[in-house]
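Since the structure comes first, as structure tokens, the remarks are kept for the end.
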Amino acid sequence: MIGSRHALLAAGLALLVLAWVFANPPGAAPDERAHYVRALGAGGLQLAGTMFEPTEAQTRAFFAQAGKGKPLPGAGVATVLWAARQTRAFDVPLALSATTFGCNDRRSQVSAACLDQPPAEPRSRRVPTYTGTYAPFAYIVPGAAMRTQATPAAALRAGRLVSALGGVALLIAALALTGGGAPLAGMAVALTPMVVYCAAILNASGPEIAGSVCFIAAGLRLQRPGAGPWAWGGLATGGAALTVSRSLGPVLLVVLGTMLLVLSPRRPRTPQHPRAAVAAGAALLVAFGVAAWWDIAQQPHGVEGGPGYRDALAQSFHDLDDIARHAVGNFGALDTPLPSWLSVTWALAAAGLFGLAAVRGSWRERAGLAAAAAVALGMTLVVSVFQLRTGYGAQGRHVLPVLVLVPLFAGEVLRRRPQGLAWLPAAAGVLWATGQAVAWLANARRAAVGTDGSWWFFGAAEWSPPGGWWVWAAAAAAGAALGLAGFSAGRLDGTATRR
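Going letter by letter, the sequence shown gives residues 1 to 499 in this note's numbering.
What follows is the structure, given as structure tokens:
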């Protein structure tokens, strides 16, 4: 099951994620300050927290952090109201309560040197977070590790590292389930720099996206002859991670599970390894039940003060290009985008893979490709409309769990018609390795000297991670190179049959 190419890919992915964990400044990820408090609370087994009753000054300062609404009627009001309904306070270790995280948010030309200054706010054992109603399941183990540390920066990196272990394990399992050939090319396109980045930050999006990739890869593997019981294990583990990580999880499980049935090339039949199938189904039902129970009991319902559905839908269509670019990569507080040429190249590669699968596929497979694309677009609009009505905008990471379905299925279609495609995994590997290396370097430059500084910042960095820039640059370069070697070693396995 794990061949030499998968060992190379696993090592490359692990090194890249490790480079992101330590070289990305503490708190320099979307809402990571809020997730930091949520994780510290969950690590102390405070699953729900308590209501937060701030003073007027605290209210202004606190919700200024959450004010990211779109310029739509009522968006500013909706942002504050929605954040207030999600806010809970948690008891945290005093030494970890005050931070300088995010001190250069939305000032991309400024380096992360301000992180080394003392925190401005006083320490307090009770700290609020506007992610207080989020499901706690993805935070418990990272949060427990964080509570063993003496400083906020060390605590956040410990949480990132523990969370990354689970995300990387899911992605490695997905790679092993995918096999070689064209499906491996589809996996390369699906694993955008944003997917790898999310696996390395303290945020529920990491396990959600990794779980989706593993769930889809396992579901597609089960459609092939000879799938072992381990494929059912991948389906259960990935689906459970997807379901319990964020509030949309139960919906995504149903949507993606239905799509896997729709995209199956065969009529329904007795599943391979029925005992493993029953165990996987039971695990997914439990995960669905737990996640749905939490959402119903804890998450706010109903939106106040936000834009109407028509305005939100119009804005959602306008935002599609931003969401697509962010799905490839946009880091920090969404203020560190990739170079435009890389986002465009990745989009062209995804379109090329889709087009090649449409040309080579049967009419049924073309319908499946169209259905996958329609579901990806539809879910993107649904998520965007909801986010805008709460005063926030949708981000690429919010819809990546669905977007990855399209390249993964396109690769599966091409697996069934492999003639003349021996070059495809290597070509996709070049894109993947280049994209991952450039993404890491772009974020490192922004942290070291700001976006106005030199790309060759190693001798003039204003901020440096533990161990210095050279260590983590070498890790990122080695990870990209190992990934390229792994994708290039992939060959069409010859087991495909025409259906």
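From the three backbone atoms N, C-alpha and C, an ideal C-beta is built for every residue, glycine too.
Per-residue DSSP class, three states only, for residue i
{"i": "Val92", "result": "coil"}
{"i": "Phe331", "result": "strand"}
{"i": "Pro531", "result": "Any answer about residue 531 is impossible in this case: the structure gives the chain only from 1 up to 499."}
{"i": "Thr380", "result": "helix"}
{"i": "Thr87", "result": "coil"}
{"i": "Thr345", "result": "helix"}
{"i": "Thr434", "result": "helix"}
{"i": "Thr151", "result": "coil"}
{"i": "Pro271", "result": "coil"}
{"i": "Pro229", "result": "helix"}
{"i": "Asp322", "result": "helix"}
{"i": "Glu304", "result": "coil"}
{"i": "Gly67", "result": "Interpretation of Gly67 is limited by its pLDDT of 48, a score under 50 that renders its predicted location unreliable; the figure taken from the coordinates is listed afterwards. Gly67: coil per DSSP, three-state reduction."}
{"i": "Asn104", "result": "coil"}
{"i": "Gln223", "result": "coil"}
{"i": "Val244", "result": "helix"}
{"i": "Phe317", "result": "helix"}
{"i": "Leu202", "result": "coil"}
{"i": "Gly179", "result": "coil"}
{"i": "Ala358", "result": "helix"}
{"i": "Trp111", "result": "Note that residue 111 corresponds to Ser in the displayed sequence, not to Trp. Three-state DSSP puts Ser111 in coil, outside helix and strand."}
{"i": "Pro121", "result": "According to the sequence provided, residue 121 is Glu. The question's Pro does not apply to it. Correct three-state label for Glu121: coil."}
{"i": "Thr451", "result": "coil"}
Counted within 10 angstroms of its Cβ, other Cβ atoms place residue i as buried (16 or more) or exposed
{"i": "Leu15", "result": "buried"}
{"i": "Leu8", "result": "buried"}
{"i": "Trp432", "result": "buried"}
{"i": "Met51", "result": "exposed"}
{"i": "Arg157", "result": "buried"}
{"i": "Gly308", "result": "exposed"}
{"i": "Ile296", "result": "exposed"}
{"i": "Glu121", "result": "exposed"}
{"i": "Asp321", "result": "exposed"}
{"i": "Ala370", "result": "exposed"}
{"i": "Thr192", "result": "buried"}
{"i": "Ala394", "result": "buried"}
{"i": "Leu222", "result": "buried"}
{"i": "Pro274", "result": "exposed"}
{"i": "Gly41", "result": "buried"}
{"i": "Leu202", "result": "buried"}
{"i": "Phe457", "result": "buried"}
{"i": "Pro73", "result": "Note on Pro73: pLDDT 49, under 50, position unreliable in the model; the coordinate value appears next. That one is exposed."}
{"i": "Val244", "result": "buried"}
{"i": "His318", "result": "exposed"}
{"i": "Thr148", "result": "exposed"}
{"i": "Asp31", "result": "buried"}
{"i": "Gly479", "result": "buried"}
{"i": "Gly468", "result": "exposed"}
{"i": "Pro466", "result": "exposed"}
{"i": "Leu348", "result": "exposed"}
Residues sharing a beta bridge with residue i, DSSP
{"i": "Met259", "result": "Per DSSP, none; premise fails for Met259."}
{"i": "Met187", "result": "According to DSSP, which records beta bridges pairwise, Met187 is partnered with nothing at all."}
{"i": "Met51", "result": "Arg88"}
{"i": "Pro401", "result": "Looking at the DSSP assignment, Pro401 forms no beta bridge with any residue, so it has no partner."}
{"i": "Pro337", "result": "Asn330"}
Given residue i as reference, the closest of the options once Cα atoms are compared
{"i": "Val254", "options": "Val328, Met379, Leu320 and Leu431", "result": "Met379"}
{"i": "Leu356", "options": "Glu412, Ser343 and Gln395", "result": "Glu412"}
{"i": "Pro119", "options": "Leu96, Tyr130, Ile140 and Ala135", "result": "Leu96"}
{"i": "Arg160", "options": "Gly234, Pro26 and His273", "result": "Pro26"}
{"i": "Val80", "options": "Glu304, Leu408, Ala312 and Ser340", "result": "Glu304"}
{"i": "Ala173", "options": "Gly453, Ala280, Val471 and Ala10", "result": "Ala10"}
{"i": "Ala135", "options": "Ala347, Pro207, Leu261 and Ala478", "result": "Pro207"}
{"i": "Leu115", "options": "Ser464, Arg445 and Trp363", "result": "Ser464"}
{"i": "Val290", "options": "Ser247, Ala19, Val37 and Phe331", "result": "Ser247"}
{"i": "Ala164", "options": "Tyr139, Phe288 and Gly257", "result": "Tyr139"}
{"i": "Val375", "options": "Leu263, Thr131 and Gly435", "result": "Leu263"}
{"i": "Val449", "options": "Leu260, Ser108, Thr87 and Pro93", "result": "Ser108"}
{"i": "Leu94", "options": "Val37, Pro142 and Phe487", "result": "Val37"}
{"i": "Gln506", "options": "Val213, Trp472, Leu252 and Ala218", "result": "This structure cannot speak to residue 506, because the chain is shown only from 1 to 499."}
{"i": "Val438", "options": "Leu284, Tyr130 and Ser343", "result": "Ser343"}
{"i": "Gly391", "options": "Gly302, Val196 and Pro183", "result": "Gly302"}
Proximity below 9 Å, CB of residue i to CB of residue j
{"i": "Val406", "j": "Ala367", "result": "no"}
{"i": "Cys198", "j": "Arg397", "result": "yes"}
{"i": "Asp105", "j": "Ala314", "result": "no"}
{"i": "Ala29", "j": "Ala427", "result": "no"}
{"i": "Val404", "j": "Ile323", "result": "no"}
{"i": "Ser316", "j": "Val385", "result": "yes"}
{"i": "Gly132", "j": "Gly49", "result": "yes"}
{"i": "Leu220", "j": "Leu408", "result": "yes"}
{"i": "Val141", "j": "Gly239", "result": "no"}
{"i": "Gly306", "j": "Ala78", "result": "yes"}
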